[in-house]
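**Q** I'd like to ask you about the structure that follows.
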Amino acid sequence: MTHTPRTRTHAAPAAEMARAQELVNHGAYPDASAICARLLKRHPKVAAIWGVLSAAQVGLGDTAEARRSAQKGLKLDPDSVDLRLRLGLTYIAEHRFDDAAGEFRKALALQPDRQWTIRCLCDALTRLGRHDEALALLRPHVEGRPWSPGLGLAYLKCCVATGRFEEGLKLAEPLIADTTMPSQPRTVMLFQVADCFAGAGMFDRAFEVYTLANECAGREFDPVRNRREVDRMIQAWTPEALAELDRPKRRTDRFVFIVGMPRSGTSLVEQIIASHPRAFGAGELDCINIIASRLAGSGDGPTYLHQLDRLTPRALDAGAKEYTEALRKVAPGAEIVTDKMPANTRHLGLIAAMLPQARIIHCVRDARDTCVSCYFHDFHGAGNAFAYDLENLGSRYTDYWRLMRHWKRTLDIPILDVEYEEMVADQEAQSRRLIEFVGLGWDGRCLDFFKTKRLVKTVSAEQVNKPMYRSSIGRWRRYERRLGPLLERLPAEALRQES
75 MTHTPRTRTH AAPAAEMARA QELVNHGAYP DASAICARLL KRHPKVAAIW GVLSAAQVGL
135 GDTAEARRSA QKGLKLDPDS VDLRLRLGLT YIAEHRFDDA AGEFRKALAL QPDRQWTIRC
195 LCDALTRLGR HDEALALLRP HVEGRPWSPG LGLAYLKCCV ATGRFEEGLK LAEPLIADTT
255 MPSQPRTVML FQVADCFAGA GMFDRAFEVY TLANECAGRE FDPVRNRREV DRMIQAWTPE
315 ALAELDRPKR RTDRFVFIVG MPRSGTSLVE QIIASHPRAF GAGELDCINI IASRLAGSGD
375 GPTYLHQLDR LTPRALDAGA KEYTEALRKV APGAEIVTDK MPANTRHLGL IAAMLPQARI
435 IHCVRDARDT CVSCYFHDFH GAGNAFAYDL ENLGSRYTDY WRLMRHWKRT LDIPILDVEY
495 EEMVADQEAQ SRRLIEFVGL GWDGRCLDFF KTKRLVKTVS AEQVNKPMYR SSIGRWRRYE
555 RRLGPLLERL PAEALRQES
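Under the working numbering, residue 573 is the last one in the sequence shown; the count climbs by one each step, no gaps.
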């Protein structure tokens with residue numbers, strides 16, 4: 075029986091509440107928070123305001139305050155499904171997934187058929203690795219129609235995670251045929267359907283659906299512009315130009331930059347280092363890109379800095395200070411901090427000039443496996459727009475390879491190549507080599523990297539929580555006859571020998 079929430083005697087102005095919620099939905103969290111603060115001065119006992127404020131505070135990154143706001147709202151209205159969900163979502167933001175699951179279960183008891191609540195509970199369970207439990211929860215709700223795209227997606231993810239590909243494929247063809255779904259959720263759904271086909275060994279059909287998903291995403295990338303930018307970088311950043319720069323004297327030997335193409339093993343390498351008790355894995359930071367954008371005088375988006383006359387001692391020192399202070403905030407006690415932004419390949423000249431004690435780890439994987447893995451993943455943003463088209467992938471990979479080859483000849487800071495295939499073949503030897511390079515003593519916990527509990531926000535999150543495996547090596551061969559537009563553009567020296 076659905077529980078009817080108690081009647082609230084205090085009502086906030088509907089227009090202001092709606093405006094605050096709209097601002098939250100559009101990411102304008104400071105404005106939403108300000109409206110809620112004003113409303114609460116006049117209506118402190120209206121529980122719903124605390125829920126909207128909590129959502130805004132999560133968006134602002136203040137998860138502790140968000141949790142307290144949701145709890146204050148629940149004291150006023152313990153039967154509110156929305157506030158139970160809001161509290162659960164703050165626990166998700168704090169990585170307290172058991173607590174989140176508990177709140178979502180309470181919300182589900184109050185309103186058993188609400189699909190958003192079911193989806194939230196499944197999210198918490200899958201984050202805890204309890205995929206079978208999540209699948210059992212979902213099954214009764216997807217056996218018949220209608221169900222939301224989000225619920226269908228959660229079901230498909232659980233089917234893939236538990237190896238129940240045939241079960242997931244029962245939804246496949248109707249989902250593929252449903253062109254009424256908005257492009258963004260349809261794109262995500264198609265990628266997951268393709269994963270089911272691939273898991274079931276139906277590689278031709280999987281590739282067709284991956285292609286459909288990439289086309290549905292509709293990302294735009296200009297390979298000609300990218301090539302020209304890389305050409306300008308190579309022309310500008312010469313050994314002579316770098317030698318003439320007056321570099322900061324600030325010591326920055328805590329910083330290790332992990333770079334490479336997406337899907338080349340950067341998350342794995344960071345996880346191994348972050349498993350060392352004296353290291354901290356900061357993930358994909360945008361700090362260097364922000365500094366480069368400012369120095370280049372450009373706006374948002376990818377920046378190729380080739381105006382070296384702007385790198386004055388004052389500008390470089392300010393940038394070094396800004397970066398150092400930013401990383402001190404995220405890892406105040408760590409001896410080594412890693413910045414795992416793959417696209418920092420385009421900023422290695424700036425990094426060498428601004429942070430001369432930094433170390434660079436370059437992750438390398440067979441170009442074919444790397445690009446196929448990119449093509450089979452939805453990156454959800456414009457930063458990897460090249461990944462949605464085979465020709466663009468080949469062009470972008472070649473430009474990245476040219477630029478990295480130039481940096482190795484030009485820069486005077488240490489650069490270590492870590493090959494994914496070698497890491498898989500001899501995990502301990504390669505892990506020891508990695509830890510030695512960053513300047514730490516060996517610690518056996520680096521071999522059990524998958525046991526290290528830390529938030530990984532990339533598409534590789536599930537992989538780094540498992541022991542190392544070989545199954546992704548040579549994966550491209552399953553699709554070789556369809557990869558012509560990619561293969562003809564890749565540099566031969568980027569192709570690894572399979573063992």
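Beta carbons: idealized from backbone N, C-alpha and C, even for Gly.
Because the structure is a prediction, the values reported are computed rather than measured.
Can you give me the Cβ contacts of Tyr-284 inside the same chain, cut-off strictly under 6 Å, excluding the 5 residues immediately before and after it?
**A** Ala-268, Phe-450
**Q** In chain order, what residues of the same chain lie with their CB nearer than 8 Å to the CB of Leu-564, ignoring the 5 residues before and after it?
**A** Ala-441, Arg-442, Cys-445, Gly-468, Tyr-471, Thr-472
**Q** Measure the C-alpha to C-alpha separation of Val-530 and Asp-197 and round it to an integer number of angstroms.
**A** Reliability of the predicted coordinates at Val-530 is poor, the pLDDT of 45 falling under 50, and the value obtained from them is presented with this limitation in mind. Whole-angstrom Cα-Cα distance: 15 Å.
**Q** What residue range is occupied by the uninterrupted alpha helix (DSSP H) comprising Val-98?
**A** Counting along the chain, the alpha helix (DSSP H) containing Val-98 begins and ends at 88-99.
**Q** Which residue marks the beginning of the alpha helix (DSSP H) containing Val-298, and which one marks its end?
**A** 297-310
**Q** Taking DSSP as the reference, what is the three-state secondary structure of Asp-413?
**A** strand
**Q** Can you tell which of Cys-233, Cys-290, Cys-232, Leu-286 has the C-alpha that lies nearest to the C-alpha of Ser-257?
**A** Cys-290
**Q** When we look at the beta-carbon of Trp-124 and count the other beta-carbons within 10 Å, is it buried (16 or more) or exposed?
**A** buried
**Q** Assess contact between the region 429-438 and the region 478-495, defined as three or more Cβ pairs (one per stretch) separated by less than 8 Å. Is contact present?
**A** yes
**Q** Would Lys-115 be called buried (16 or more neighbouring beta carbons within 10 Å of its own) or exposed?
**A** By the beta-carbon neighbour count (other beta carbons within 10 angstroms, threshold 16), Lys-115 is exposed.
**Q** Are the beta-carbon atoms belonging to His-480 and Ile-308 less than 8 Å from one another?
**A** yes
**Q** Take the Cβ of Gln-381 as the centre, count every other Cβ of all protein chains shown within 10 Å, and call the residue buried at 16 or more, exposed below.
**A** exposed
**Q** Tell me, please, which residues DSSP counts as bridged to His-436.
**A** Val-333, Asp-491
**Q** If contacts are defined as beta-carbon pairs under 8 Å, then Cys-270 and Leu-230 qualify, I think. What distance do you get, rounded to the angstrom?
**A** Taking 8 Å as the upper bound for CB-CB distance, Cys-270 and Leu-230 are in contact here, some 6 Å apart.
**Q** Determine the burial state of Ala-535: buried for a count of at least 16 other Cβ atoms within 10 Å of its Cβ, exposed for fewer.
**A** In this prediction, Ala-535 has a pLDDT of 45, which is less than 50 and means its spatial position is unreliable; what the coordinates show is noted afterwards. Exposed: under 16 other Cβ atoms inside 10 Å.
**Q** Tell me which residues share the same chain as Ile-332 and place their Cβ nearer than 6 Å to its Cβ, disregarding the 5 neighbours each side in the sequence.
**A** Thr-340, Val-343, Glu-344, Thr-412, Lys-414, Ile-435
**Q** Rounded to whole angstroms, what's the CA-CA distance from Ala-181 to Gly-162? Just pull it up for me.
**A** So the two alpha carbons sit approximately 9 Å from each other.
**Q** In three-state terms, what does DSSP make of Ala-353?
**A** Of the three classes helix, strand and coil, the one that applies to Ala-353 here is strand, per DSSP.
**Q** Would you kindly work out how many angstroms separate the C-alpha atoms of Tyr-553 and Val-126, rounded to a whole number?
**A** 48 Å
**Q** Look up Val-530 in the DSSP assignment and say whether it is helix, strand or coil.
**A** Because Val-530 carries a pLDDT of 45, less than 50, the predicted location of this residue cannot be relied on, and the following value inherits that uncertainty. DSSP places Val-530 in coil when its eight states are reduced to three.
**Q** Using CA atoms only, rank isn't needed, just tell me which of Glu-396, Asp-252, Val-298 is closest to Arg-44.
**A** Residue 44 lies beyond the residue range present for the chain, which begins at 75 and ends at 573; the question has no answer from this structure.
**Q** Below 7 Å CB to CB, which residues in the same chain sit around Ala-427 once its five sequence neighbours on both sides are set aside?
**A** Exclusion of the five residues before and after Ala-427 leaves Leu-316, Leu-319, Arg-321, Leu-385, Leu-390 as the residues of its chain whose Cβ lies within less than 7 Å of its Cβ.
**Q** Between which two residues does the alpha helix (DSSP H) containing Thr-386 stretch?
**A** Taken as a continuous stretch (DSSP letters only), Thr-386 belongs to no alpha helix (DSSP H), as it is neither H nor E.
**Q** To the nearest angstrom, how far is the alpha carbon of Arg-158 from that of Gly-226?
**A** 23 Å
**Q** May I have the straight-line CA-CA distance separating Glu-168 from Thr-137, to the nearest angstrom?
**A** 6 Å
**Q** Nearest chain D C-beta to Arg-549 closer than 8 Å, yes or no?
**A** This model lacks chain D altogether, as it is built from one protein chain only.
**Q** Are the beta-carbon atoms belonging to Tyr-165 and Ala-130 less than 8 Å from one another?
**A** no
**Q** On a CA-only basis, which of Ala-417, Cys-361, Ala-370 is nearest Glu-399? Give me that one, please.
**A** Cys-361 is the residue among Ala-417, Cys-361, Ala-370 whose C-alpha sits nearest the C-alpha of Glu-399.
**Q** Considering only the alpha carbon of each residue, which of Ile-425, Ile-347, Phe-523 lies closest to Leu-514?
**A** Restricting attention to Ile-425, Ile-347, Phe-523, the CA atom closest to the CA of Leu-514 is found in Ile-347.
**Q** Considering Cα atoms alone, identify which of Asn-363, Gly-393, Ala-394, Ala-392 is closest to Leu-379.
**A** Asn-363
**Q** For Leu-202 and Arg-170, I'd like the C-alpha separation in whole angstroms.
**A** 10 Å
**Q** By how many angstroms is the C-alpha of Pro-559 removed from the C-alpha of Gly-407?
**A** 48 Å
**Q** Rounded to whole angstroms, what is the Cα-Cα separation between Trp-516 and Glu-502?
**A** 10 Å
**Q** Distance check for Glu-314 and Arg-507, CA to CA, integer angstroms please.
**A** 31 Å
**Q** Identify, in the order they occur along the chain, each residue of the same chain with its Cβ nearer than 6 Å to the Cβ of Ala-106, setting aside the five sequence neighbours on each side.
**A** Ala-94, Leu-97, Val-98, Ala-130
**Q** Would you mind sorting Ser-355 into buried or exposed? The rule is 16 or more other CB atoms within 10 Å of its CB.
**A** Residue identity differs from the one stated: residue 355 is Gly in this sequence, not Ser. With 16 or more other Cβ atoms within 10 Å, it is buried.
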